[in-house]
Structure formats: C-alpha cells, structure tokens
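In this text, residue positions in the sequence shown follow our numbering: the first is 51, and each later residue adds one.
Every residue gets a Cβ at the ideal spot worked out from N, C-alpha and C, and that includes glycine.
All values reported here derive from a predicted model rather than from experimental measurement.
What follows is a single structure, written as structure tokens, with notes after it.
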Amino acid sequence: MTDSSSKVATEDVNDNVELVIVDETLMPKDVAEAAEVATAQDLEALISITNTNEAFKLLNLPDAYDVPTLLRAFECEIHASINNKKTRMLKPLTEAKNILLRDQIEQMIEKEGRFDLADMIPFEEACLACKGTGELYKFFRKAATVPCKFCTDGKPEDNGYVFITCRACKGTKRYKKQQKGLTINVECTRCHKDEEGKPTGLERVKCRACLGKGTFRKLVIDSKIKSTTHCRHCKGRGFVLPEPPAKKVKAASKKHHAPATPNNPVISADLGAQLKGIEVKE
51 MTDSSSKVAT EDVNDNVELV IVDETLMPKD VAEAAEVATA QDLEALISIT
101 NTNEAFKLLN LPDAYDVPTL LRAFECEIHA SINNKKTRML KPLTEAKNIL
151 LRDQIEQMIE KEGRFDLADM IPFEEACLAC KGTGELYKFF RKAATVPCKF
201 CTDGKPEDNG YVFITCRACK GTKRYKKQQK GLTINVECTR CHKDEEGKPT
251 GLERVKCRAC LGKGTFRKLV IDSKIKSTTH CRHCKGRGFV LPEPPAKKVK
301 AASKKHHAPA TPNNPVISAD LGAQLKGIEV KE
C-alpha cells in the first residue's frame, strides 16, 4: 500500500514539471535554465588556469613547442573565440599564454643567463608598451661571480691582465738609449714578447676593472620571476585587437505632417451681428 501511494504521488508531481535533456542528463527545465544562467555569469571564475598542464591543454599545443609556436597558437585561439562569439574565453586563454610564456622565459634565463624575445614575437600588431609579451616582469636578483668582460677574451693565463700600448716605446718596439756618449736604437725590453721572444709594442698590465682577479661579484637576475604586471594597453595579450565597428545610428525619419489649419479668429458678438445682415455679392 505504501509503495503504490508513493508511486502515484510522484507521478502527480512530475506531471506538472517539464523535463529537458542537458548534456545527456534529464533534468527539470527550470533547473536547467538556472544552471545555464549561472554558468554564463561565473564561467570566467570556473575556467581558471593555475598551472602549465591546464594551459597546455587549453591552447592545444604540440608536445614540443617554442615561444613563436606558443604565441601563434594563442593568437589563433583568440581570433577563433571572437569569431565564434565566445568572448568569455579571452581571459582564460590570455592567462594560459602568460603562464607558459613565463615558463619559457625562466628556462631561457637558466640556460643563458638572460632572455631576449625581440626576434620571437610573431604578432603583426604587437603591443608597443610590453613589446609583445603581454606582461611586464620583475625578477629576483642574486649575487654571482662573473668573468670580467675586459680581460677574459684572450688566453686563460692572461685573465686579470690587459694589453695597452707600451709606455716606454710608444708602440714602436724600439727606443733610443744613450750609451758611452752615443745614441743607439735598441729593442724595447718593456714590451710583451711574442712566442719568438720579439717585442710586440704592447705592455701587459693588471686590469683596473677587476683589479687583476679576472672575475668580480655582480647582482644578476635569477631564473625565477618575482612578479608580473598585466599590460593595460593590450590587456595581457601582447597584441592589440581591432576596435569593433561603430554601430550605425539610424537617422530619424522625417514624417510628413499635414499642414495645420489656422484657427478661426475670435469675433465679437456685435461684429457678428452686423455681418449677419450683410449680403455677399458674387
């Protein structure tokens, strides 16, 4: 008795509910409409990209990619979203691109000690404010021992020393010397000697930049990015989207109104009485 009554009650309730299929799921229509509205409003919050794996899947990148490949794929996805009227995807796509680009920059700094994306930006309308990256970067800094750029270009044994024009012979390799009242021209003994033991006209002195050490301590950028700032000009995309065409304002239609009939003039009672007695001759 209980089972049959509950079954009947359920059927009575469902008779007044319109059911629809959403994503292969049967649900009441009012619930589906409420879920659709909530999804449209909160989609940007739901599609939040927090790591490289999510960003990689969203941009449909190949397994091996470089900076130009990343930026081209991002540009294609942006234009596809605009053409399909999915503008709510612009923010997640931009965040995905920025996450992967930061990762590429950190790898470049770790390998080369610096990064330069000037020749890697494929955008035709690259943003001038951020140079096409979409973000402005601030890096951690660390103290590092770096080779002196003034004295380490030659042989390793010459590190800490530089060669200047010999101050004794002025680079001529010879100089005049007084000996027993005679002036003789002799080879410069102060010049640095070549492999054959002949003067070169150069003098080997300690490097003033590193004080003869060959290296010095310097603050360099770390491979980890400290913070980033979205470019306001391009909204983090790296390129400026064309402005949407302005909506044409319809000109107000000119309606032809019939000319207003003039109002009858006001006639006094005495004048009206006089006009009644006047005969009009044609």
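Quick check on the DSSP output: the alpha helix (DSSP H) that includes residue i runs from which residue to which?
i       : result
Lys-248 : Counting along the chain, Lys-248 falls outside any alpha helix (DSSP H), and DSSP gives it neither H nor E.
His-280 : Segment 265-280 is the beta strand (DSSP E) holding His-280; no alpha helix (DSSP H) there.
Pro-142 : 140-162
Phe-173 : Per DSSP, Phe-173 belongs to no alpha helix (DSSP H) and is neither H nor E.
Compute the beta-carbon to beta-carbon distance between residue i and residue j, rounded to the nearest angstrom, for a pair I have assumed lies under 8 Å.
i       : j       : result
Gly-184 : Gly-288 : 4 Å
Thr-265 : Val-196 : 7 Å
Leu-252 : Cys-281 : The pair is not a contact, with the Cβ atoms about 51 Å apart (cut-off 8 Å).
Ala-179 : Lys-268 : Between Lys-268 and Ala-179 the Cβ distance is about 29 Å, and since that is not below 8 Å, they are no contact.
Lys-188 : Lys-276 : 5 Å
Cys-238 : Cys-257 : Cys-238 to Cys-257, Cβ: 22 Å. No contact.
Tell me which residues share the same chain as residue i and place their Cβ nearer than 6 Å to its Cβ, disregarding the 5 neighbours each side in the sequence.
i       : result
Ala-259 : Cys-198 and Phe-200
Lys-226 : Thr-233 and Asn-235
Val-270 : Ala-194
Could you pull out every residue in the same chain whose Cβ sits closer than 7 Å to the Cβ of residue i, ignoring the five residues on either side in sequence?
i       : result
Leu-93  : For Leu-93, the pLDDT reaches just 45, beneath the cut-off of 50, and the residue's location in the model is therefore unreliable, leaving the point undetermined.
Phe-165 : Ile-155, Met-158 and Ile-159
Asp-153 : Thr-102
Met-170 : Val-117 and Pro-118
Ser-131 : Thr-137, Met-139, Leu-140 and Leu-143
Lys-263 : Gly-210
For residue i, which residues does DSSP report across the bridge?
i       : result
Ile-234 : Lys-227
Tyr-211 : Lys-256
Thr-195 : Arg-267
By DSSP, does residue i sit in helix, in strand, or in coil?
i       : result
Ala-168 : coil
Leu-121 : helix
Thr-239 : coil
Glu-127 : helix
Lys-188 : strand
Phe-200 : coil
Phe-289 : strand
Lys-107 : helix
Thr-183 : coil
Asn-133 : helix
Pro-206 : helix
Thr-102 : helix
Asp-113 : coil
If you drop the 5 nearest sequence neighbours on each side, which residues of the same chain put their C-beta closer than 8 Å to that of residue i?
i       : result
Val-290 : Glu-175, Cys-177, His-283 and Cys-284
Leu-109 : Leu-120, Ala-123, Phe-124, Glu-127, Leu-143, Ala-146, Lys-147 and Leu-150
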